[in-house]
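Residue numbers (the working numbering): 132 to 267. Every residue, glycine too, gets a C-beta built ideally from N, C-alpha and C. Since the model is a prediction, treat every value here as computed from it, not as a measurement.
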Amino acid sequence: MDEATARALAEADELELVTIGRVSGRPHRVRLRFVHDDGVVWVRGGERPSAPDASGVRRRTELDRASDWLRNLEHDPRARVRIGDADLEARYEPSADRAADLRRAVELLRGKYGPEWVADWYLDVGRIPVKLRLGA
132 MDEATARALA
142 EADELELVTI
152 GRVSGRPHRV
162 RLRFVHDDGV
172 VWVRGGERPS
182 APDASGVRRR
192 TELDRASDWL
202 RNLEHDPRAR
212 VRIGDADLEA
222 RYEPSADRAA
232 DLRRAVELLR
242 GKYGPEWVAD
252 WYLDVGRIPV
262 KLRLGA
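Printed below as a string of structure tokens:
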């Protein structure tokens with residue numbers, strides 16, 4: 132990895148994540164806050180809130196609440212991370228221990244963005260730790 136890319140991974144606030152649409156097959160782009168640690172980019176996915184109960188209204192399932200980009204990664208783990216002038220290959224690695232990975236991601240995010248931005252509620256409201264291995 133060149134010096135400019137390493138600096139961007141350490142200092143940039145956001146990256147562009149490009150996944151392949153699970154239905155369309157076309158590139159799907161989203162800007163996300165992130166942290167880089169030892170060849171891994173961590174981002175935090177969040178669930179969209181469930182619709183309130185109402186007569187005749189279907190409640191969203193867990194799958195319906197997940198972000199489109201995360202659902203794309205679950206369908207096809209290949210992705211691209213764009214940051215600065217770099218366009219890096221990445222691969223989504225599903226979590227074997229979601230709670231431990233979330234604690235790790237939150238610890239790293241707090242170090243980068245500060246404890247005010249990364250509040251404790253990150254740990255208990257459906258946040259999903261997403262691990263992207265660079266160069267995979």
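Item	Value
Near E134, what residues of its chain come up, given a Cβ to Cβ distance below 6 Å and the 5 sequence neighbours on each side ignored?	none
Is E247 helix, strand or coil by DSSP?	coil
Can you give me the Cβ contacts of R229 inside the same chain, cut-off strictly under 7 Å, excluding the 5 residues immediately before and after it?	P260
Should V166 be labelled buried (16 or more other beta-carbon atoms within 10 Å of its own) or exposed?	buried
Can you list, in chain order, the residues of its chain with a C-beta nearer than 6 Å to that of L219? Leave out the 5 residues immediately preceding and following it.	V212 and L265
Following the continuous beta strand (DSSP E) through D168, name the residue where it begins and the one where it ends.	V166 to D168
Can a CB atom of chain C be found closer than 8 Å to the CB of I214?	In the structure shown, chain C does not exist; there is a single protein chain.
Which stretch, first to last residue, makes up the alpha helix (DSSP H) that contains D199?	D199 to H206
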